[in-house]
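Undergrad: Take this structure first; my questions come after.
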Amino acid sequence: MQMRAAAAGDSQTKASPCAGAEERCAAAAGFRDLRAEAADPERAGHVLDHALLAEYARDRRASLVIPAVLIPIAALCAATWVPLVPLLLWAIPALLLHAWLAAVCGRTLDLSRAEQELGRRKFVLVASEVFYGIGWASFLILLALNAPASGDALLVAVTLLTVAVGAVGSAGLPAAGYAACAPIALAAVTLLCMRQDPLSLGLAALCLIATLACLAHAKRLHDLMQAFLKRDVDNHKLTVELESARAKVGRAVRTAEEANLAKSRFLATMNHELRTPLNAILGFSEVMKDELLGPLPNRTYRDYAADIHQSGGHLLSLINEILELSGFEAGSYQLREEPVQLAKLAEECMNFVRSRAESREQTLSLATETDLPPLLADARGTRQVVLNLLSNAIKFAPPGGQIDIQVGWTAGGGQYVSIRDNGPGIPAEEMPNLLSAFGQGEAGIRKAEQGSGMGLAIVEAITRLHGGTFELRSAVDQGTEAIVCFPRARVMEPRMVSPVVAEPTEAGGTVVRLRSAG
34 MQMRAAAAGD SQTKASPCAG AEERCAAAAG FRDLRAEAAD PERAGHVLDH ALLAEYARDR
94 RASLVIPAVL IPIAALCAAT WVPLVPLLLW AIPALLLHAW LAAVCGRTLD LSRAEQELGR
154 RKFVLVASEV FYGIGWASFL ILLALNAPAS GDALLVAVTL LTVAVGAVGS AGLPAAGYAA
214 CAPIALAAVT LLCMRQDPLS LGLAALCLIA TLACLAHAKR LHDLMQAFLK RDVDNHKLTV
274 ELESARAKVG RAVRTAEEAN LAKSRFLATM NHELRTPLNA ILGFSEVMKD ELLGPLPNRT
334 YRDYAADIHQ SGGHLLSLIN EILELSGFEA GSYQLREEPV QLAKLAEECM NFVRSRAESR
394 EQTLSLATET DLPPLLADAR GTRQVVLNLL SNAIKFAPPG GQIDIQVGWT AGGGQYVSIR
454 DNGPGIPAEE MPNLLSAFGQ GEAGIRKAEQ GSGMGLAIVE AITRLHGGTF ELRSAVDQGT
514 EAIVCFPRAR VMEPRMVSPV VAEPTEAGGT VVRLRSAG
């Protein structure tokens with residue numbers, strides 16, 4: 034049936050086996066309009082009623098072909114017992130009645146969805162079905178009055194066929210099915226019971242049971258149509274809501290990305306405007322605190338100048354980190370590739386932070402493989418990666434702690450630098466926050482000095498620009514290890530060596546998935 038096909042969402046809705054291509058297209062278009070209009074909660078019930086009525090009209094008009102063909106066949110069979118004139122007086126009005134019912138069904142398909150017209154049309158259809166039933170009941174009466182007991186076979190056959198066609202064809206409007214079947218079944222059962230022989234009584238029971246079964250089946254079809262329609266309308270509403278929400282999220286994401294890109298581009302172009310005044314402040318404050326132009330009469334002024342110089346230096350360092358991170362995000366950072374000895378660079382960075390580590394009584398150790406060829410990398414960026422990781426290790430390692438630096442080969446023929454401390458460690462739930470810009474772990478903040486929270490984000494961005502991977506391994510109370518791996522393509526003299534550290538892959542559960550700098 035067309036409703037089952039339409040309710041399943043088939044765009045090629047089949048109105049009926051006898052309907053033409055134009056009617057099928059109209060049915061499909063009407064069903065799409067139905068879904069859109071039924072999305073309104075206030076009109077959903079009325080629109081579904083109209084859809085069921087239209088479905089009844091299509092199915093009923095198609096099913097009328099069977100009883101229309103049955104009329105001459107039944108008349109021909111009954112001509113054995115019934116005179117010709119009464120048969121013609123029955124057959125001609127019956128054919129006209131079927132044509133009338135088909136016309137009413139056709140007009141129903143063109144009916145507007147106004148509630149008043151819908152109610153009137155239901156009344157007209159039910160009344161037409163009553164006349165349909167009376168027409169076939171009159172044939173049964175005509176047959177029973179003129180035919181002997183042998184004519185009961187024709188009576189039962191006509192009853193079962195017309196009841197089945199009337200009930201199933203009227204599934205979209207159960208009241209119409211009851212109106213069509215009741216006169217036929219009532220006439221057949223009454224006429225058979227009047228014979229009072231066991232066979233006729235059995236046939237009467239058969240007709241009654243068959244009628245009830247057909248009506249029950251029609252009711253199940255009606256409920257199924259209604260459920261399919263409601264489900265399809267609900268799915269359509271969910272689809273519309275999902276598409277609307279997806280569009281809103283898409284617009285919000287695009288707006289956020291555009292705002293973030295505008296921010297990054299703005300900061301990246303503010304390099305000179307931000308650094309120049311700070312450099313002037315640092316220069317003048319350094320001249321004052323060192324008394325290069327002569328002694329200051331008041332020692333407090335010199336202390337103030339020292340504080341200004343120290344605070345300005347910290348602010349300049351913070352601005353530099355912000356500008357660098359913004360440059361990475363805006364895609365304006367360009368690698369200046371040159372040969373870089375990773376082991377030598379790690380040693381230089383260790384010496385650079387040694388005084389700070391010694392002030393905390395921390396021990397620094399460096400282990401490198403011999404004869405490591407140089408990397409084709411950005412020397413300044415690589416140095417910043419190592420310094421940021423060393424600064425984090427010194428900051429979070431406890432006083433008297435141990436910081437180990439290792440440089441060597443990866444399993445894939447690249448090179449790595451690993452920095453491990455015995456600090457408090459990082460809980461797994463805080464790891465994503467640490468890898469975002471300005472992200473800091475709560476446990477680390479309680480146990481160590483504050484920071485800008487951009488160090489690891491910068492490490493991540495620089496490593497990504499080199500085509501490498503950055504992995505952070507940590508466990509609470511067991512310390513943290515940061516590993517930066519450079520790919521084999523960056524090694525200027527690649528060779529096969531025994532692996533020391535397995536190079537992380539995208540499938541690894543602890544590998545940091547780097548954001549694009551562009």
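The opening residue of the sequence shown carries number 34 in the working numbering; numbering runs sequentially from there. Cβ coordinates follow ideal geometry from the N, Cα and C atoms, glycine included.
1. Look up T333 in the DSSP assignment and say whether it is helix, strand or coil.
2. Please name the residue, chosen from M258, E306, H342 and E463, that lies closest to D323 on a Cα-to-Cα basis.
3. From the DSSP output, read off the bridge partner residues of D454.
4. Assuming contact is defined by CB atoms lying nearer than 8 Å, are R389 and L397 in contact in what I supplied?
5. For a minimum of 3 consecutive residues, which ranges assigned as the beta strand (DSSP E) are wholly contained in the stretch 200-262?
6. Since F519 and Q448 are thought to touch, with beta carbons under 8 Å apart, how far apart are those beta carbons, to the nearest angstrom?
7. Determine whether the beta carbon atoms of V450 and L375 lie at a separation below 8 Å.
8. Taking only three categories from DSSP, how would you classify R393?
9. Of the choices M383, F164 and F172, whose alpha-carbon is the least far from that of A135?
10. Excluding the five sequence neighbours on either side, which residues of its own chain have a C-beta within less than 6 Å of the C-beta of E319, listed in chain order?
11. Tell me which same chain residues have a C-beta within less than 7 Å of the C-beta of L399, skipping the five on either side of it?
12. Determine whether the beta carbon atoms of V282 and A212 lie at a separation below 8 Å.
13. Helix, strand or coil: how does DSSP classify V115 here?
14. Quick check: the Cα distance between Q511 and N425, rounded to an integer number of angstroms?
15. Could you give the residue range of the alpha helix (DSSP H) that holds R413?
16. With DSSP collapsed to three states, give me the class of T272.
17. Can you tell me whether DSSP reads L505 as helix, strand or coil?
18. What separation, rounded to the nearest whole angstrom, lies between the Cα atoms of R264 and M258?
19. Looking at the secondary structure, which residues open and close the alpha helix (DSSP H) in which P460 lies?
20. Should A430 and G456 be called a contact, given that it needs their Cβ atoms to be closer than 8 Å?
21. Could you check whether I104 and G166 sit closer than 8 Å to each other, using their CB atoms as the reference points?
22. Under the rule that 16 or more other beta-carbon atoms within 10 Å means buried, what is L224, buried or exposed?
23. If I measure Cβ to Cβ from A69 and keep anything under 6 Å in the same chain, skipping five residues before and after, which residues do I get?
24. Return helix, strand or coil for E402, following the three-state DSSP convention.
25. Along the beta strand (DSSP E) that carries V373, what are the first and last residues, could you check?
26. In the DSSP assignment, the alpha helix (DSSP H) including V524 goes from what residue to what residue?
27. With distances taken from CA atoms, which of G500, E306, W169 and P465 is nearest A410?
28. Checking 8 Å against the spacing of the C-beta atoms, do I516 and E504 come in under that value?
29. Since T496 is in the alpha helix (DSSP H), which residue starts that stretch and which ends it?
30. What three-state label does DSSP hand G327 in the structure shown?
TA: By the coordinates alone:
1. As a first step, residue 333 is located in the sequence shown; it is residue number 300 there, counting from the start. Of the three classes helix, strand and coil, the one that applies to T333 here is helix, per DSSP.
2. If you number the sequence shown from 1, residue 323 lands on position 290. Minimum Cα distance to D323 is reached at H342.
3. Residue mapping note: residue 454 aligns to position 421 of the sequence shown, counting from 1. According to DSSP, D454 bridges with I436 and T513.
4. Position 356 of the sequence shown, counted from the start, is the residue given in the question as residue 389. Position 364 of the sequence shown, counted from the start, is the residue given in the question as residue 397. Taking a C-beta distance under 8 Å as the contact criterion, R389 and L397 do not qualify as a contact pair.
5. The beta strand (DSSP E) runs of length 3 or more contained entirely in the stretch 200-262 do not exist; there are none.
6. Translated into the one-based positions of the sequence shown, residue 519 becomes position 486. Translated into the one-based positions of the sequence shown, residue 448 becomes position 415. Between Q448 and F519 the Cβ distance is about 5 Å, and since that is below 8 Å, they are a contact.
7. Here the question's residue 450 lines up with position 417 in the sequence shown. Here the question's residue 375 lines up with position 342 in the sequence shown. Closer than 8 Å, so yes.
8. As a working mapping, residue 393 is identified with position 360 in the sequence shown. Looking at R393 - three-state DSSP - the assignment turns out to be coil, as it is neither helix nor strand.
9. As a first step, residue 135 must be located in the sequence shown, where it is residue number 102. Considering only alpha carbons, the answer is F164.
10. Counted from its first residue, the sequence shown places residue 319 at position 286. Cβ neighbours of E319 beyond the five flanking positions: H342.
11. If you number the sequence shown from 1, residue 399 lands on position 366. A379, E380, M383 and I438.
12. Here residue 282 corresponds to residue number 249 of the sequence shown, with the count starting at 1. Here residue 212 corresponds to residue number 179 of the sequence shown, with the count starting at 1. No; because the gap between Cβ atoms is not below 8 Å, this pair is not in contact.
13. The count along the sequence shown starts at 1 and reaches residue 115 at position 82. Of the three classes helix, strand and coil, the one that applies to V115 here is coil, per DSSP.
14. Here the question's residue 511 lines up with position 478 in the sequence shown. Here the question's residue 425 lines up with position 392 in the sequence shown. A direct Cα-Cα distance of roughly 15 Å separates Q511 from N425.
15. Your numbering for residue 413 matches position 380 in the sequence shown. Start and end: A412 to F429.
16. Locating residue 272 in the sequence shown gives position 239, where the first residue counts as 1. Of the three classes helix, strand and coil, the one that applies to T272 here is helix, per DSSP.
17. In the sequence shown, counting from the first residue as 1, residue 505 sits at position 472. In the three-state scheme derived from DSSP, where H, G and I count as helix and E and B as strand, L505 is classed as strand.
18. On the sequence shown, residue 264 is found 231 positions in, with the first residue counted as 1. On the sequence shown, residue 258 is found 225 positions in, with the first residue counted as 1. Linking R264 to M258 through their CA atoms gives a straight-line distance of about 10 Å.
19. In the sequence shown, counting from the first residue as 1, residue 460 sits at position 427. From DSSP, P460 is part of no alpha helix (DSSP H); its letter is neither H nor E.
20. By 1-based counting over the sequence shown, the position of residue 430 is 397. By 1-based counting over the sequence shown, the position of residue 456 is 423. Yes; because the gap between Cβ atoms is below 8 Å, this pair is in contact.
21. Position 133 of the sequence shown, counted from the first residue, corresponds to residue 166. Position 71 of the sequence shown, counted from the first residue, corresponds to residue 104. Cβ distance not < 8 Å, so G166 and I104 don't count as in contact.
22. Within the sequence shown, residue 224 is the residue found at index 191, counting from 1. Burial call: buried.
23. The sequence position of residue 69 within the sequence shown is 36, counting from 1. Only weak support is given to the placement of A69: the predicted model assigns it a pLDDT of 49, under 50, and the question is left unresolved by the model.
24. Taking the first residue of the sequence shown as 1, we reach residue 402 at position 369. The answer is coil: DSSP assigns E402 none of H, G, I, E or B.
25. Looking up residue 373 in the sequence shown gives position 340. Element bounds for V373: E370 to V373.
26. Sequence index remark: in the sequence shown, residue 524 carries index 491 (1-based). Where V524 is concerned, there is no enclosing alpha helix (DSSP H), given that its DSSP letter is neither H nor E.
27. Against the sequence shown, residue 410 aligns to sequence position 377. The candidate whose alpha carbon is nearest that of A410 is G500.
28. The residue given as residue 516 occupies position 483 in the sequence shown. The residue given as residue 504 occupies position 471 in the sequence shown. A contact, by the Cβ cut-off of 8 Å.
29. Here residue 496 corresponds to residue number 463 of the sequence shown, with the count starting at 1. Looking at the DSSP string, the run of the alpha helix (DSSP H) that includes T496 is G488 to L498.
30. Numbered from its first residue, the sequence shown carries residue 327 at position 294. DSSP places G327 in coil when its eight states are reduced to three.
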